[in-house]
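Asks: Below is the structure I would like to discuss, written out as structure tokens.
2 protein chains.
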Amino acid sequence: MPIQEPPTAALAHELHKTLGRVVRRLRTEPGPSVGRLAVLGRLDRDGPSSVSALAACERMRPQSMAQTVHDLETEGLVSRRPDPADGRRAFVELTAAGVDLLQSTRTRRETWLTEALERELNAGERALVHEALALLSRVADA
Amino acid sequence: MPIQEPPTAALAHELHKTLGRVVRRLRTEPGPSVGRLAVLGRLDRDGPSSVSALAACERMRPQSMAQTVHDLETEGLVSRRPDPADGRRAFVELTAAGVDLLQSTRTRRETWLTEALERELNAGERALVHEALALLSRVADA
DNA sequence: TATTGTTATACTCTATAACTATA
DNA sequence: TATAGTTATAGAGTATAACAATA
């Protein structure tokens, strides 16, 4: 009798793989990676933020976020402004180039992913996927 | 007015990140990575298979699967048996060690992921997540 | 001593390109 | 020429460990 993988583990793995395919395909479009775009988007929405705060929001280690921020800084998409109240901290903020890139990327990305999701899924199905995200987030934090 | 990321792109990215957290946490348990375990599980369920066929099932490039199979072979978890009918092909199959590992890993993995999913989600919610997988698979292939 | 952040290194997963061997 | 497979290289994403600077 064949060994059965636990269905729940298989479910998590398959979902991750499938989403990976979506995200990798997204990355074939010009522009920054989805992960970096997420940081730019967050800075735009929430304003300047420390590396630690960004890491916590994106649920990454501060060291990993430091690398991401460093890369974005090298590319001129973000800059740092020292916190006068605390010499250890700096505010990471979008540069004008970062804002421009975010805006133009958003437009290009819409050319396929949004179209694909909106073509393939109806509003109810998209809501279902969103609900699944909330459920799995709960599991990941458990 | 802040730039709004396209909600659908943000949805795909967030889901991917969340599932990544689940899978990485799974990997902190002893045993092979989730991706390799998937290959072992498939060989156990479907029997010996060529590298190409495995790659197609897992929706990876054959070159990537060749690397995975090579690693598994090095670890003694799978072996190759040449196809007498076609000198180019070989059947990849589980070794006794691979079967043992699959079985013992399944047991250990159940200690946290299955418990977490079953503790955090009820049957209806797990069904919802499964449905979301099917929808997103459609998008990734579109 | 705790917090913020960096540097160095390594691992997983997957991709592309260039290649060999067999059909 | 087409197919099965390998090797080499690279990149995204993230982790751990060790460290510096400031509070």
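Chains as they are written, first to last, in my numbering: chain P, 80 to 221; chain U, 80 to 221. Think of the CB as a built atom: it goes at the ideal place given N, C-alpha and C, for glycine as much as any other residue.
1. On the DSSP bridge list, what partners appear for SER128 of chain U?
2. Just to confirm, are LEU212 of chain P and LEU105 of chain U a CB contact at a threshold of 8 Å?
3. Where GLU194 of chain P and VAL113 of chain U are concerned, what is the direct C-alpha to C-alpha distance, given to the nearest angstrom?
4. What is the DSSP secondary structure of ARG159 of chain U, counted as helix, strand or coil?
5. Mind checking GLY155 of chain P: buried by the 16 CB within 10 Å criterion, or exposed?
6. Could you tell me which of P:LEU214, P:ALA202, P:PHE170, P:LEU200 sits nearest to ALA206 of chain U, measuring between CA atoms?
7. Using a beta-carbon distance cut-off of less than 8 Å, what residues from the segment 90-111 of chain P approach chain U?
8. Give the residues of chain P in contact with VAL113 of chain U, contact being defined as C-beta atoms less than 7 Å apart.
9. For chain U, find out if any of its Cβ atoms is closer than 8 Å to the Cβ of VAL208 of chain P; answer yes or no.
10. Using a cut-off of 9 Å between C-beta atoms, extract the partners of ARG138 of chain U located in chain P.
11. Leaving out five residues before and five after LEU122 of chain P in sequence, what residues of the same chain have Cβ atoms less than 6 Å from its Cβ?
12. For the putative contact between ALA145 of chain U and VAL130 of chain U, defined by C-beta atoms under 8 Å, what is the C-beta separation to the nearest angstrom?
13. Sort U:THR184, U:HIS149, U:MET139 by Cα distance to ARG100 of chain P and report the nearest one.
14. Out of P:PRO141, P:THR147, P:SER128, which one is the CA nearest neighbour of PRO111 of chain P?
15. Please work out which residues of its chain come closer than 8 Å, Cβ to Cβ, to LEU119 of chain P, disregarding the five sequence neighbours upstream and downstream, and give them in chain order.
16. Below 8 Å between beta carbons: does that hold for PRO161 of chain U and ALA169 of chain U?
17. In three-state terms, what does DSSP make of THR107 of chain U?
18. Whole angstroms is fine: what's the gap from HIS92 of chain P's alpha carbon to GLY166 of chain P's?
19. My output table needs one value for ASN201 of chain P: the three-state DSSP class, helix, strand or coil.
20. Report the rounded CA-to-CA distance for ASP220 of chain U versus GLU199 of chain P, giving the unit in angstroms.
21. Which one of P:THR153, P:VAL208, P:THR97, P:LEU90 has the shortest CA to CA distance from ARG115 of chain P?
22. Using three-state DSSP, classify PRO81 of chain P as helix, strand or coil.
23. From the DSSP output, in three-state form, read off ALA135 of chain U for me.
24. Would ALA117 of chain U pass as an interface residue toward chain P - the criterion being a Cβ-Cβ separation below 8 Å?
25. Can you check which of these residues, P:CYS136, P:ARG124, P:LYS96, P:VAL171, is closest to VAL102 of chain U by C-alpha distance?
26. Let's test the definition: count the other Cβ atoms within 10 Å of the Cβ of THR184 of chain P and tell me whether it reaches 16, buried, or not, exposed.
27. LEU90 of chain P and VAL208 of chain U look like a contact to me (Cβ under 8 Å); what is the Cβ gap, rounded to whole Å?
Replies: Let me spell this out:
1. U:VAL171
2. no
3. 31 Å
4. strand
5. exposed
6. P:LEU214
7. LEU90, ALA91, HIS92, GLU93, LEU94, HIS95, LYS96, THR97, LEU98, GLY99, ARG100, VAL101, VAL102, ARG104, LEU105
8. HIS92
9. yes
10. LYS96, THR97, ARG100
11. LEU173
12. 6 Å
13. U:MET139
14. P:THR147
15. PRO111, LEU151, LEU156, VAL157, LEU173, GLY177, LEU180, LEU181
16. yes
17. coil
18. 43 Å
19. coil
20. 10 Å
21. P:THR153
22. Any reading at PRO81 of chain P must be qualified, since the residue scores a pLDDT of 46, below 50, and its modelled position is unreliable; no value is offered.
23. helix
24. yes
25. P:LYS96
26. buried
27. 6 Å
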